[in-house]
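Colleague: Could you have a look at this structure, given as structure tokens, before my questions?
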Amino acid sequence: MADSLDRRIISALQIDGRASWHRIAAALGEAERTVVRRGTRLLDSGLVRIGAMTLHGRSTVVGVRCAPGQARMVASALARRPDCVFTHVLTGSPDCVAELLCPRDRLASLVMDELPGLPGMLETFTLPVLRHIRTIREWHSGLLTDDEIATLEGPSGAPAPSPTDGDVMPPADVAHDLSRSDRLLLNALAEDGRCTYEELGRVAGVSEATARRRLGALRREGRVRIRAVIEPALLGLPVEAMLRVRTAPAGAEAVAAALADNVHVRYASFVTGEHQILVLAALPSESALYDFVTSAPWLRDVASVDVSLVLSSLKRGGMLARRPRD
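The numbering of the sequence shown is the numbering used here, which starts it at 112 and goes up by one.
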């Protein structure tokens with residue numbers, strides 16, 4: 112079980128997954144030897160993984176209603192897609208939900224050709240994302256102070272999110288001008304966001320100095336965030352839910368602003384369909400979830416909320432789920 116210091120170290124890695132143990136220790140006011148030992152243990156256990164989350168393509172949320180007993184198979188098929196960001200198995204309907212990075216010129220093929228071929232699928236719901244309110248790239252658990260976050264986001268740390276990161280969808284061709292070595296570098300970081308510059312240079316076919324310079328540029332430009340990928344339960348938030356929120360058009364922005372300020376909202380987007388806002392939330396208990404969907408301030412302009420519990424996650428932050436190592 113993660114204790115309070117473990118959770119603060121994890122929170123620091125959510126701000127900057129490549130932050131040195133020295134910088135994390137300085138930001139948290141803890142002994143460096145303790146942070147090294149705790150942080151290394153978390154990474155070696157597989158409970159915390161560091162991945163690169165890139166900005167490319169446009170997002171489409173896909174919900175699938177499955178034949179009895181087929182939800183895990185359908186969710187696994189979605190999770191194995193290289194363009195899949197997350198996949199969750201849910202209570203209620205749909206049985207599973209996934210976010211795919213799908214250029215709009217490929218959306219027709221996705222809807223008419225690819226999704227109908229999913230094994231065990233009965234019905235699909237395709238919801239193109241019109242605008243992100245918050246994505247997993249920006250979410251952290253609220254366990255760090257503003258000063259601690261500022262230290263981790265300092266000149267040597269992770270850049271603050273760009274104006275388009277989580278607020279406006281990036282253009283569909285944002286990754287097309289990347290060089291082959293940049294793409295190889297990002298692919299390596301997607302597997303291990305803390306791999307050394309020497310390893311990055313070897314994979315990308317460039318020198319260590321060039322790998323350091325190119326990664327720095329990609330981060331400053333907001334093309335990639337490198338951060339911890341975890342199960343929220345590790346931070347004391349074991350109850351996850353997907354909410355489909357319906358609101359009057361005039362109240363949509365007020366609801367979005369309130370959701371963006373809530374620490375329990377890990378993901379929220381404006382989508383097409385009868386429910387304008389899709390939310391993924393993580394909370395400490397089912398009673399906290401009840402309060403969140405019945406009496407929280409963000410509900411003032413909400414007409415209805417459809418709630419599904421997350422039963423299992425097969426992919427988070429572009430990384431397939433795996434069992435922690437012993």
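C-beta atoms are modelled at their ideal positions from N, C-alpha and C, and glycine is treated no differently.
All of these numbers come straight from a predicted model, not from anything done at the bench.
1. Cβ atoms of Leu296 and Arg325: under 9 Å apart, would you say?
2. Tell me the rounded alpha-carbon separation between Val151 and Cys306.
3. Taking contact to mean 3 or more Cβ pairs, one atom from each stretch, closer than 8 Å, check whether the segment 220-240 and the segment 178-194 are in contact.
4. Which class does Pro395 belong to by DSSP, given the choice of helix, strand or coil?
5. Taking its Cβ as the centre, do 16 or more other Cβ atoms sit within 10 Å of Leu431, making it buried, or is it exposed?
6. Tell me which same chain residues have a C-beta within less than 8 Å of the C-beta of Ile161, skipping the five on either side of it?
7. Drop a sphere of 10 angstroms on the beta-carbon of Ser290, count the other beta-carbons inside from all chains shown, and report buried for 16 or more, exposed for fewer.
8. Between the Cα of Val418 and those of Asp412, Arg377, Phe403, Ser424, spot the shortest distance and give me the residue it belongs to.
9. Quick one: Cα of Leu425 to Cα of Ala142, how far?
10. Beta-carbon within less than 6 Å of Asp194's beta-carbon, same chain only, minus the 5 sequence neighbours each way: which residues are those?
11. With three or more C-beta pairs closer than 8 Å as the rule, is the segment 306-325 touching the segment 346-356?
12. If you run the structure through DSSP and keep just helix, strand and coil, what is Val240?
13. Compute the Euclidean distance between the alpha carbons of Glu264 and Ile126, then round it to the nearest angstrom.
Modeller: In short:
1. yes
2. In the sequence as presented, Val is not what sits at residue 151; that position holds Thr. Taking the straight line from one Cα to the other gives about 13 Å.
3. yes
4. coil
5. exposed
6. Leu124, Gly128, Arg129, Leu154, Asp303, Gly304, Arg305, Ile337, Arg338, Ala339, Val340
7. exposed
8. Phe403
9. 36 Å
10. Leu211, Leu212
11. no
12. strand
13. 7 Å
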